[in-house]
Each structure stands twice: as structure tokens, then as C-alpha cells.
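Asks: For the sequence shown, the working numbering assigns the number 1 to the initial residue and increments by one for each residue that follows. All residues carry an ideal CB built from backbone N, CA and C; glycine is no exception. From a predicted model like this one, the values you see are computed outputs, not experimental measurements. Input: one structure, supplied below.
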Amino acid sequence: MKVTYNWLKEYVDFDWSAEDLAERITMLGVEVEGMEETGGAFDGIVVGQVVTRDKHPNADKLTLCKVTDGKSELQIVCGATNFQAGDKVALANIGTSMPVEEGEKPFVLKEGKIRGELSQGMMCSGRELKLNDDHEGILILPTDAQLGQPYAEHLGRAGKDVVYDLEVTPNRPDLNGVIGLAREIAALTGNPLKHPEILLNASDEKTEDLVAVKINDPDLCPRYNARVIRGVKIGPSPDWLRARLESVGIRPISNVVDVTNFVMMETGQPLHAFDLHLLAKADGKPTVVVRRATAGEKFTTLDEAEHELTTDNLLIADPEKGIALAGVMGGMNTEINDTTQDVLLETAYFNPQNIRATSKATQACTPTRVTDSSAVRTSASPTGPVNAPRS
């Protein structure tokens, strides 16, 4: 499990150094396998705003811009075309050491002339900041981005951070989440644990009227919870959420998928989201069937790998097909996609030995942490609460 120093501080106050925290975590019985300082990659990069955008007098494909960081105004030559005056951008000042891949030579931004015009900085693309592969245009930040704010803080990284790689023993599954670890720190310090605020707009409908759940093998799955979330709009997650997931080694995908991973890391409880309308129906409503796979049953997981299953594998299914390998990986046939509007959110308790055996046999992925499920902890997208029926 990975967790960061700043993430823990959001749930409990403490004034220990990063090294002191590692020592105290160890004394709790959790082995700290590694520590890594992060966050320095964005030093010198701030939220800027384009004041003017004019044609470069000596180049048809370049523009000559005035950009402010709230304190001073810089002249910058830019080759991108996806912005206009008034846009908020990620501004790299002269002297900034730009992010590089491991093994690359450091690149420090210098003042210079481009086609005869002075350029005093750079408006950055996602690729130049190593956030994504997009280099066709610069990053356009939200209109409410704070002018002059360090870009790391804008992303929610609060500057430099320390990532801890922890080995949690099987007898302490309560420490498989940030809140569980913060609870132990709260006990050591005497400071209160700060629980996250949960926003939920619940309709008068009940989930049981919208979807059916049938558990055919209670020995392998004694509990399965589901909630229907309506009216989602699929898109990229906010920068702070993407940064938080990346800091613990999880690749951002989309807002709905990302928030399930965030809650898993926060609480230790795995979640999975299905596109509700891709589930087959029984008796007029989408139905989830928790059952053993049939011998030789084929199933394609989200990594596009096809698996031939046995009766030892627990499958989440609908009346027509498998939709997820229980506790291991979802299926391509019900994945969240750009057209998804309604979501079935799953949280469950699966037999740990069975899940480990299935994961090893299929080599689909390392199984998510298997913990008890008492309730769905969130029903909100990263951009705000959505309408959801009562459970």
C-alpha cells in the first residue's frame, strides 16, 4: 500500500517530520518498505494568465503573448493555437528546471530570442509537465484558478510530499486505507480523526426497485451491496484527484473510475462501477448474479485479455454473461465509457483465498484488497453530488 505524508495530514494533525512519521508507522506494526520525496518537479511553475495574444511579426505559425503571474508581465513566444487572451495557463518562469523522465538530462528554462523576439518563459503543455502525452496545445486551467499560485498547489499536491510504500500484515486489514492509518496516528497524538464530508443527494426511489442482486454462492460472497447513481457526465477528473492517484501509483482514467479508486485508497474498501444500461435484465430490471463460473466459460477483462474460467472462479454476472471477475477485475462488456449516464456501484465481501487463487490462475491483476463491506461510502462524482436512490 502507498500513502503520502500530506494525504495523512488531511485526516489528522501531527507535527512529525517525514522520518519521524515513518518510525511511528513502523512502531504500529506496519513495515515501511520505502520512502520517496516528490513534488519538486513543478518548482518555478505557477498559474498565469494570458493578457494579449498577437501574431509574431516574423513567423506565421508563432504568436507573441503577454502573460502575467499577478506580479509581473512577461513576453512569451508560443507555437500553440488552442488559447486566447484571458485564459489561465501553467506558466514556467526563467530558471525553472522542467520535469524530465528518468535518465534524461535536466532542462533549465532560459531567456532567449525566437525569430527575433524576446521570450521570457513558457506556457506549458501536459506533455512538457509529464502529466499526459498531449503536446498539441498548452494546458488551459479552470477560470477560477488562483493567479500566481504554485502549480503544484493548484494540482492539490501542496508542494513537496513524501510517498510511503507500506507492507500491511494480513491481521490488520483496517490499515489498508488512509483513514485507518490516520486513526492510529490520532490515537498516538490525541488529536481528533477528521472524517471526510460525504455529500449525497438521494431520491425517493430505492435501489432494490431499480436493480436486483442474486447471490448464488454465499460461501464465496456472503455480502454484496449495490447503489444506482444517475446522471453522471464522464470526463477527466479534477487535477487534484489525478495528482493524488498518480502519487500512489494509480493511473487516472475518468472521473467515475478515479473516484472509486480514490475511495478504495481512502477507506480500504474496493469499489467497482458498471455502466447500468449494459447489464442484461431479468423481470424487467438490470440484474446482478454472483455465481461460480461454468467450466470453460470465456470472459474478457478490462485489460482486453480473454480468460477460460473454471468452477473455482467466482464471477459477477448478469442473466446473460459475466461482467466481472469477483475482487479481481471488471469486464470490457460493462465498463464505464464516454456515453455512460447511469452507474451501478458495487462493494462486496469476497472470500480472500478464492480471490487470490483466481487472480493467480488468470494472471489478470493483483487482487484489490478484500475487506468487509458494510455500506457504500460515497455516491458523488469528483465534481459534486449526483442524484442517487436510497439504498
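Would alanine 361 and glutamate 320 be called neighbours here (beta carbons separated by less than 8 angstroms)?
Replies: For the purposes of this step, residue 361 is taken as the residue at position 361 of the sequence shown. For the purposes of this step, residue 320 is taken as the residue at position 320 of the sequence shown. Result no, Cβ atoms of alanine 361 and glutamate 320 do not sit closer than 8 angstroms.
Asks: Any idea what DSSP makes of glutamate 31, helix, strand or coil?
Replies: As a first step, residue 31 must be located in the sequence shown, where it is residue number 31. Of the three classes helix, strand and coil, the one that applies to glutamate 31 here is strand, per DSSP.
Asks: Given a threshold of 16 other Cβ atoms within 10 Å of its Cβ, counted over all protein chains shown, does histidine 195 qualify as buried or as exposed?
Replies: Within the sequence shown, the letter at position 195 stands for residue 195. Exposed: under 16 other Cβ atoms inside 10 Å.
Asks: Please go through the same chain and pick out, in chain order, the residues whose beta-carbon is closer than 7 angstroms to the beta-carbon of valine 3, but skip the five residues on each side of it.
Replies: Taking the sequence shown and counting its residues from 1, the one referred to as residue 3 is at position 3. Once the five neighbours on either side are set aside, the close Cβ partners of valine 3 are Tyr164, Leu166, Val178, Leu181 and Val248.
Asks: Buried or exposed: lysine 88, going by 16 or more other Cβ atoms within 10 Å of its Cβ?
Replies: Residue 88 sits at position 88 when you count from the first residue of the sequence shown. By the neighbour-count rule (16 or more Cβ atoms within 10 Å), lysine 88 is buried.
Asks: Using beta carbons (cut-off 8 angstroms, strictly below), is proline 222 in contact with chain B?
Replies: Among the protein chains of the structure shown there is no chain B, as only one such chain exists.
Asks: Please classify proline 270: is it buried, with 16 or more other beta-carbons within 10 angstroms of its beta-carbon, or exposed?
Replies: Position 270 of the sequence shown, counted from the first residue, corresponds to residue 270. Proline 270 comes out buried.
Asks: Taking valine 283 as the reference, give the member of Glu208, Ile336 and Asp217 with the closest Cα.
Replies: As a working mapping, residue 283 is identified with position 283 in the sequence shown. Checking the sequence, you will find aspartate at residue 283 rather than valine. Residue Glu208 is the option with its Cα nearest to aspartate 283.
Asks: Express the C-alpha separation of leucine 314 and valine 370 in angstroms, rounding to a whole number.
Replies: For the purposes of this step, residue 370 is taken as the residue at position 370 of the sequence shown. For the purposes of this step, residue 314 is taken as the residue at position 314 of the sequence shown. Low local confidence applies: a pLDDT of 36 at valine 370 is under 50, so the model's placement there is unreliable, and no value is given.
Asks: According to DSSP, is tyrosine 5 part of a helix, a strand, or is it coil?
Replies: Position 5 of the sequence shown, counted from the first residue, corresponds to residue 5. Helix.
Asks: Can you tell me which of Val228, Asn351 and Ile114 puts its alpha carbon nearest to the alpha carbon of proline 222?
Replies: For the purposes of this step, residue 222 is taken as residue 222 along the sequence shown, with counting starting at 1. Of Val228, Asn351 and Ile114, the residue nearest in Cα terms is Asn351.
Asks: Mind listing, in chain order, the continuous alpha helix (DSSP H) runs of no fewer than 4 residues lying wholly within the segment 177 to 250?
Replies: List check, alpha helix (DSSP H) in window: 178 to 189, 207 to 210 and 239 to 247.
Asks: So, with DSSP's three-state summary, where would you put aspartate 20?
Replies: As a first step, residue 20 must be located in the sequence shown, where it is residue number 20. Aspartate 20: helix per DSSP, three-state reduction.
Asks: Provide the residue span of the beta strand (DSSP E) that contains threonine 347, from first to last.
Replies: Position 347 of the sequence shown, counting from 1, holds the residue named residue 347. Its beta strand (DSSP E) spans residues 343 to 349.
Asks: Would you say methionine 329 and leucine 302 are within 8 angstroms of each other, going by their C-beta atoms?
Replies: One-based indexing of the sequence shown puts residue 329 at position 329. One-based indexing of the sequence shown puts residue 302 at position 302. Against a cut-off of 8 angstroms, the Cβ pair of leucine 302 and methionine 329 comes out as a contact.
Asks: Per DSSP, what kind of secondary structure is serine 359 in: helix, strand or coil?
Replies: One-based indexing of the sequence shown puts residue 359 at position 359. The answer is helix: DSSP assigns serine 359 an H, G or I state.
Asks: Kindly provide the ranges of any beta strand (DSSP E) runs that are 3 or more residues long and lie completely inside the segment 91 to 143, ordered along the chain.
Replies: Fully enclosed beta strand (DSSP E) runs of 3 or longer: 112 to 114, 117 to 119 and 121 to 123.
Asks: For arginine 80, tell me which candidate among Ala187, Cys65, Gly137 and Thr340 has the shortest Cα-Cα distance.
Replies: By 1-based counting over the sequence shown, the position of residue 80 is 80. A small correction: the amino acid at residue 80 is alanine; arginine does not occupy that position in the sequence shown. For alanine 80, the nearest C-alpha among the options comes from Gly137.
Asks: Apart from the five residues just before and just after aspartate 342, which ones in its own chain have a Cβ nearer than 8 angstroms to its Cβ?
Replies: As a first step, residue 342 must be located in the sequence shown, where it is residue number 342. So the list reads Val228, Ile229, Arg230, Gly231, Val232, Asp275, Leu276 and His277, once near-sequence residues are dropped.
Asks: Among Ala295, Glu304, Thr340 and Leu345, which residue has its Cα nearest to the Cα of valine 288?
Replies: Along the sequence shown, one-based indexing puts residue 288 at 288. Minimum Cα distance to valine 288 is reached at Leu345.
Asks: Just the C-alpha distance for alanine 59 and asparagine 261, rounded to the nearest angstrom, thanks.
Replies: Stepping through the sequence shown from its first residue, residue 59 is reached at position 59. Stepping through the sequence shown from its first residue, residue 261 is reached at position 261. Roughly 46 angstroms between the two C-alpha positions.
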